[in-house]
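Participant: Here this note's numbering is used: the first residue of the sequence shown is 835, the next is one more, and so on. Handing you this structure, nothing more for now.
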Amino acid sequence: MAELSSYQDLVHAAFIKPLRSVMIIDDDYPTWEEIFDRGNWTEAEDGTLGVPKTPKSWVKTPDLPKNLISRFRKHDKGLLIDIDDGKPPAPSTTEIANHLYQSDILGLDYQIEGEGIGGDRAIGIAASLLTQGHFNLIVVHTNKEDLDDPFSQILMRLLTPCEEDDRAKTKIERAKNALEELEDEGEAEGAEALTETLKGLFRSKHYLLMRHPSGDATKKLMRGEAPFTEIKNAMEMAGLEARYRDSVLAWLCFDFQKRYAHFSDVAHSLQWSLNDNCLWIRSERGFITFANKKNTTDLIEALQTALEDWQPTPSRLLSSVYRHALSDYGVSVEDSTLANKHIFARFYDDILNAENEPQQQTLLRQHIRQQTEQIGAAVEDDVAKFGLDIVRLDSPEAPFSAHYNVDLSNADQAKKATFEFNNYVSSIDVHGHHLTSGHIFELDGKKWVVVSPACDLVPGQKRMGFHNPNSKHRPFIAVELHP
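See below:
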């Protein structure tokens, strides 16, 4: 691995360098089928092929797809490239999502259905990809000058609607009462005019800022900061008292939500940018950024910039490097760990001759766990070296610890961090199919931890019962846990 000298290098090493393949979905790009189909070309009398017979813009302006593809070719590993134009018989959204399981990055044309048509199909593809097990990197490439439109449309399709709980209902009722008071007093043009004005001013960017985890939309409204400047001005001109403004803002949020019908049925863990100059969406299954076709031909550079703006934590950088190291070296490491045939012949013989299926399950899980540990240990040195690079490049001026968004100087935050850390390093997720030492279980509202030796609890390991040595039941020792 080359010497790393900046946070940008760390992001590149963790997310960009491992890329191997790209799929481009764009209705203006040539596909292999189109190029090699003789019927798609003009033909002279002597059989010589002339120019492509296609309305696609690449024929007149081939530089855009050519430059885009050449950028992918210049990547560290020279990406494998596939192109689909979304034309009939185009694969369905689900088929595309399944196909992309084998691709590392997707260049997605937002207007795949044609210029002047909404991006419903592109939105569907992006949303479908974020339900796949494979972590997808997506660059939405569009002719739209305003990237906020595809960004907002895709993000809202991924969000589930806000729940109108008791607190929200109280705010909505308070807002309606305040607007009715304005109407009764006859101030300005009354509540009806203010209501319509506010509805017209409140758009997706306001809604998404209110949904953002930062939660500072109300503060921006009170200060009159963008994008709430016009909304605050309208409230002031109508004479709406400051104490009612946050309630009216909540009412606007739920009113907008009712008028916007396209939300997700599945809740995603989402993060998204507040930087208008670098738009991105991140879920547990993928990362999406946005680029203008006229201004951006290097989609990998656009992706790198967006990933930097997301500010992945040192832990995420390490995890990404570890995952890709397993992918790169997995086969050779696997072969070296299985080289000793005698070890694994004995493993399989024990499994084959176990007395029953529960005992076979136990032995199989032990076998898998040991293999996993050996393979992980084989790539550990490279990943640890990368971790040392992270520490070396950290600086007091821009500490990477800030990316966690946890203030350890705050007593409550520090206490929570210590509690969660101790829980993390002292326990593992429940695994296996039978009770074993360390398992915590609940019985009659009380929590207990198993302290019997693990070897005494393995199925078939030891025959003993409460009163009958041949009983299928087995006593064990547990200690009650107290808060």
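Note that CB positions come from ideal geometry on N, CA and C, so glycine has one too. Remember, predicted model here, so these are calculated numbers, not experimental data.
How should THR1123 be labelled, buried or exposed, when 16 other C-beta atoms within 10 angstroms of its C-beta is the threshold for buried?
Facilitator: THR1123 should be labelled buried.
Participant: Using alpha carbons as the reference points, say which of MET990, ASN1111, GLU1059, TYR1163 lies closest to CYS1087.
Facilitator: Nearest of MET990, ASN1111, GLU1059, TYR1163 to CYS1087, Cα basis: MET990.
Participant: Verify whether the separation of the beta carbon atoms of SER1286 and PHE1310 is less than 8 angstroms.
Facilitator: A contact, by the Cβ cut-off of 8 angstroms.
Participant: Which residue from VAL856, LEU1055, ASN1011, ARG1157 puts its Cα closest to that of VAL1213?
Facilitator: Closest option to VAL1213, Cα to Cα, is ARG1157.
Participant: Would you report the Cα separation of ARG872 and GLY884, rounded to the nearest angstrom?
Facilitator: Taking the straight line joining both Cα atoms gives about 10 angstroms.
Participant: Where do the N-terminal and C-terminal ends of the alpha helix (DSSP H) with THR1171 fall, by residue?
Facilitator: Taken as a continuous stretch (DSSP letters only), the alpha helix (DSSP H) holding THR1171 covers 1148-1171.
Participant: Taking the beta carbon of PRO889 as the centre, do at least 16 other beta carbons fall within 10 Å, making it buried, or is it exposed?
Facilitator: Its Cβ having fewer than 16 others within 10 Å, PRO889 is exposed.
Participant: In terms of residue numbering, what span does the alpha helix (DSSP H) encompassing ASP982 cover?
Facilitator: Its alpha helix (DSSP H) spans residues 982-992.
Participant: Between the Cα of ILE1177 and the Cα atoms of GLN1204, GLU1191, ALA1027, which residue gives the shortest distance?
Facilitator: Checked all of GLN1204, GLU1191, ALA1027; the closest Cα to ILE1177 is GLN1204.
Participant: For chain C, is any of its Cβ atoms less than 8 angstroms away from the one on GLN1200?
Facilitator: Among the chains of the structure shown, chain C does not appear; only one protein chain is present.
Participant: Below 8 angstroms on the Cβ atoms is my contact criterion, and I expect HIS846 with GLN1145 to pass it. Report the Cβ-Cβ distance as a whole number of Å.
Facilitator: So it is not a contact: roughly 14 angstroms between Cβ atoms.
Participant: Where in the segment 1235-1289 do unbroken runs of the beta strand (DSSP E), each at least 3 residues long, occur, reported from the N-terminal end onward?
Facilitator: If we require 3 residues or more, the beta strand (DSSP E) runs fully inside the segment 1235-1289 come out as 1274-1277, 1280-1284.
Participant: Is it the case that the Cβ atoms of PHE1220 and LEU1152 are separated by a distance below 8 angstroms?
Facilitator: It is a contact, given that the beta carbons lie within the stated cut-off.
Participant: How about ALA1312 and VAL1292: are their beta carbons less than 8 angstroms apart?
Facilitator: In this structure, VAL1292 does not lie closer than 8 angstroms to ALA1312 by Cβ.
Participant: Mind checking ALA1060: buried by the 16 CB within 10 Å criterion, or exposed?
Facilitator: That one is exposed.
Participant: According to DSSP, simplified to helix, strand and coil, what is ALA1022?
Facilitator: With a pLDDT of 47 at ALA1022, under the threshold of 50, the predicted position of this residue should be treated as unreliable, though the coordinate-derived value follows. Coil, per DSSP.
Participant: Any idea which residues DSSP pairs THR976 with across the strands?
Facilitator: The partner list for THR976 (beta bridge, DSSP) reads ASN1126.
Participant: Check this for me: beta carbons of ILE1065 and ARG905, under 8 angstroms apart or not?
Facilitator: No, these two residues do not count as a Cβ contact at 8 angstroms.
Participant: Cutting at 8 angstroms between CB atoms, please list the residues of its own chain near ALA1068, excluding the five before and the five after it.
Facilitator: Only LEU1028, THR1031, LEU1032, LEU1035 meet the Cβ criterion.
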